[in-house]
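Just so we're aligned, residue 27 is where the sequence shown starts under this note's numbering, counting upward by one.
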Amino acid sequence: MASLSEAQEQPARQLWDQVNGVHAGMLGISGLDMHMQPMAPHADPTTNTIWFYTKTDADIVRAIKPGSRAHFCVIGKDHDYHACLSGVIEVRPDPSKIEEYWSSIVAAWYDGGKKDPKLTMLSLHVDDAEIWVSTGNTLKFGWEIAKANLDDDKMPDVGIKRHLQFA
């Protein structure tokens, strides 16, 4: 369950924990008439970077040009955390990152293992994010909705929205 106090006090740490806690999110290249697609993230909070395994012949790889920007959206496993991250994306078949994040799950997608000729990585350097964290407390949620329905000027207080900037 996402913590409202952590969203207030340590939103960046919470963001990276949430990104690393999901199996997949939706990745899309900004400014293109192309649907977002599910991708498994491998986050490196020390560099504000998310790494993705993919194949060199994938549509998303062909769409990336120098200076391309992308969005990556995640929903926490308890559905009380939502985030949209953005930044510069590039194709970077970094052997050290391929090794660092390799797993049996990743291996299932590549016939040639780590040496598969189509294996490459995408690197999303996150410079901007927005998070929305909602209460997981059903009683509090119900109470806030009831109060808002009784007072037309009152909005329900069920969560937090934060904007984050990264270098």
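From the three backbone atoms N, C-alpha and C, an ideal C-beta is built for every residue, glycine too.
Check: What three-state label does DSSP hand Arg-88 in the structure shown?
Finding: helix
Check: Quick check: the segment 88-99 against the segment 140-147, are there 3 or more CB pairs under 8 Å?
Finding: no
Next item on the list: Please classify Trp-77: is it buried, with 16 or more other beta-carbons within 10 angstroms of its beta-carbon, or exposed?
Entry: buried
Check: Is any heavy atom of the ligand GDP found at a distance shorter than 7 Å from the C-beta of Arg-118?
Finding: As for the ligand GDP, it is missing from this structure, which has no ligand bound.
Check: Going straight from the alpha carbon of Lys-141 to that of Asp-104, what length do you get?
Finding: 36 Å
Next item on the list: Since I believe His-108 is in contact with Ile-115 (beta carbons under 8 Å), could you give me their beta-carbon distance rounded to a whole number of angstroms?
Entry: No, Ile-115 and His-108 are not in contact; Cβ-Cβ is about 21 Å, not under 8 Å.
Next item on the list: Would you please verify whether the beta carbon of Thr-72 is less than 8 Å from any beta carbon of chain D?
Entry: Absent here is chain D; the protein component of the structure consists of one chain.
Checklist line | First through last residue of the beta strand (DSSP E) which encompasses Val-100 | finding: 95-101
Next item on the list: For the alpha helix (DSSP H) holding Asp-240, just list the boundary residues, first then last.
Entry: Since the first residue of the chain shown is 27 and the last is 193, residue 240 is not available in this structure.
Check: So, helix, strand or coil for Gly-139, using DSSP?
Finding: helix
Checklist line | Best match in Asp-106, Leu-53, Lys-187 for proximity to Val-113 [C-alpha to C-alpha] | finding: A quick correction: the sequence has Gly, not Val, at residue 113. Among Asp-106, Leu-53, Lys-187, the Cα nearest to that of Gly-113 is on Leu-53.
Notebook entry, point to check: CB-CB under 7 Å to Pro-71, same chain, minus the five flanking residues each way: which ones, in chain order?
Noted result: Trp-42
Check: Is Ala-50 closer than 8 Å to Ile-157 when the C-beta atoms are compared?
Finding: no
Checklist line | Member of Cys-99, Tyr-136, Phe-192 whose CA lies at the smallest distance from the CA of Gln-44 | finding: Cys-99
Next item on the list: Could you check how far apart the C-beta atoms of Ile-55 and Ser-94 are, in whole angstroms? I think they sit under 8 Å.
Entry: 6 Å
Check: Among all the DSSP beta bridges, which residues are the ones paired with Glu-156?
Finding: Cys-110, His-189
Check: To which residues does DSSP link Thr-82 through a beta bridge?
Finding: For Thr-82, which the question treats as bridged, DSSP gives no partner whatsoever.
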